[in-house]
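This report concerns only the one structure given below.
Residue numbers (full-length UniProt numbering): 1 to 339.
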């Protein structure tokens, strides 16, 4: 090539030792494409540039991607695969997606999963190599299979808390099974995919602080501990008197607490107040019913007495008085018996 094209990138200090060991392998791989490379340990940078032996102009772009992957902790044997024409890479920046550091670490761990199980599942389903390191996620794969696009979507949804990676894995599994059926090749797969609803947890409303009226003067200086002691007179007291005063205050507090506890204990033995509000509705109804029953009994008794009086008045007195003829007959009978 007539013109020299060069690219350089910085690498973190902890990668210095590994790059120093793996640099001969990287240099040999780039030499086949006519690309020269240089490792500067003083500045902490890697530089690749074209030479006269460079035949493929796109090789310098591949070399630039190679040094980017090496700076993001991708192993050298894996990073060298980017020099193939069918292999591509995507470095996803996740540092600016979450502000809170603790939340960022939790979501990054969610992407990895327990024992890297979630990351391995995503690698198998997308056919990509994924490495999560610091504030970036490096992915290597083929654009033809749409693996890199899927990886970017999964990573961004996880870091933005849009969808959990497990749900993406379920969708990819269903899509893989649907792709095996040629009858569904030209149909919409949305009806087969699960629909996950995001459950929003109610967040606490931020407390609105009322603005105090503006004053150009600063607030008055608060009294110091010495000033307070001078006001109380404790400053001039001896250490013995101070300790005695503190002890007395402690005893007063203890006695106050003891009295309160005693009052609470005695409150359990106080009898409840009697109900002086008068009889309730049920008691009133019962008393009314008893009065009605007494009135009915008295009426029945009076009716009985009235019937007895009527019977006595209807009796004729002459029926109980004997006539003169009957008396004469009785006398004759007595005289015959005596003879």
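By construction, the Cβ of each residue, glycine as well, lies at the ideal position given by its N, Cα and C atoms.
>> Which residues does DSSP list as the beta-bridge partners of residue 241?
In response: The partner list for residue 241 (beta bridge, DSSP) is empty, contrary to what the question assumes.
> Would a C-beta distance cut-off of 7 Å place residue 73 and residue 133 closer than the cut-off?
Replying inline: Result yes, Cβ atoms of residue 73 and residue 133 sit closer than 7 Å.
>> If you follow the alpha helix (DSSP H) that residue 138 is in, where does it begin and where does it stop?
In response: Taken as a continuous stretch (DSSP letters only), residue 138 belongs to no alpha helix (DSSP H), being part of the beta strand (DSSP E) at 136-141.
> Alpha carbon to alpha carbon, how far is residue 85 from residue 177?
Replying inline: Rounded to the nearest angstrom, the two C-alpha atoms are 29 Å apart.
> Is it buried or exposed for residue 114, if we count other Cβ within 10 angstroms and need 16 for buried?
Replying inline: Result: exposed.
>> Between which residues of its own chain and residue 131 is the CB-CB distance below 6 Å, once the five residues before and five after are set aside?
In response: Once the five neighbours on either side are set aside, the close Cβ partners of residue 131 are 74 and 138.
>> I'd like to confirm the pairing. Which residues does DSSP put opposite residue 9 in its beta bridges?
In response: Per DSSP, 46.
>> Does chain D have any CB closer than 7 Å to the CB of residue 91?
In response: No chain D appears in the structure shown, which is made up of a single protein chain.
> Below 7 Å between beta carbons: does that hold for residue 340 and residue 8?
Replying inline: Limits of the chain in this structure are 1 at one end and 339 at the other, which puts residue 340 out of reach.
> Tell me which same chain residues have a C-beta within less than 7 Å of the C-beta of residue 23, skipping the five on either side of it?
Replying inline: Correct list, in chain order: 39.
> residue 147: buried (16+ other C-beta within 10 angstroms of its C-beta) or exposed?
Replying inline: With 16 or more other Cβ atoms within 10 Å, it is buried.
> Helix or strand or just coil, what does DSSP make of residue 80?
Replying inline: It is helical.
> Do residue 97 and residue 160 have their C-beta atoms closer together than 7 Å?
Replying inline: The beta carbons of residue 97 and residue 160 sit closer together than 7 Å.
>> Looking only at its chain, what residues have a beta carbon closer than 7 Å to the beta carbon of residue 55, apart from the 5 residues adjacent to it on each side?
In response: Result list for residue 55: 34, in chain order.
>> I need the DSSP call for residue 40, collapsed to helix, strand or coil.
In response: In this structure, residue 40 counts as strand in the three-state DSSP scheme.
> Going by other Cβ atoms of all chains shown within 10 Å of its Cβ, with 16 needed for buried, is residue 165 buried or exposed?
Replying inline: Around the beta carbon of residue 165, a 10 Å sphere encloses 16 or more other beta carbons of the protein chains shown; the residue is thus reported as buried.
>> Can you check which of these residues, 26, 30 and 15, is closest to residue 41 by C-alpha distance?
In response: Cα-wise, what sits closest to residue 41 is 15.
> So residue 118 and residue 151 are in contact, right, with Cβ under 8 Å, and what is the actual spacing, rounded?
Replying inline: Under the criterion of beta carbons closer than 8 Å, residue 118 and residue 151 do not qualify as touching, at roughly 12 Å.
> Is the distance from the Cβ of residue 141 to the Cβ of residue 158 below 7 Å?
Replying inline: No; because the gap between Cβ atoms is not below 7 Å, this pair is not in contact.
> According to the neighbour-count rule (16 or more other Cβ atoms, all chains shown, within 10 Å of its Cβ), is residue 17 buried or exposed?
Replying inline: Counting the other Cβ atoms within 10 Å of the Cβ of residue 17 gives fewer than 16, which makes it exposed.
>> I believe residue 170 touches residue 206 by the beta-carbon criterion, under 8 Å. Please report the beta-carbon distance rounded to the nearest angstrom.
In response: Not quite, the Cβ-Cβ distance comes to about 36 Å (not below 8 Å), so this is no contact.
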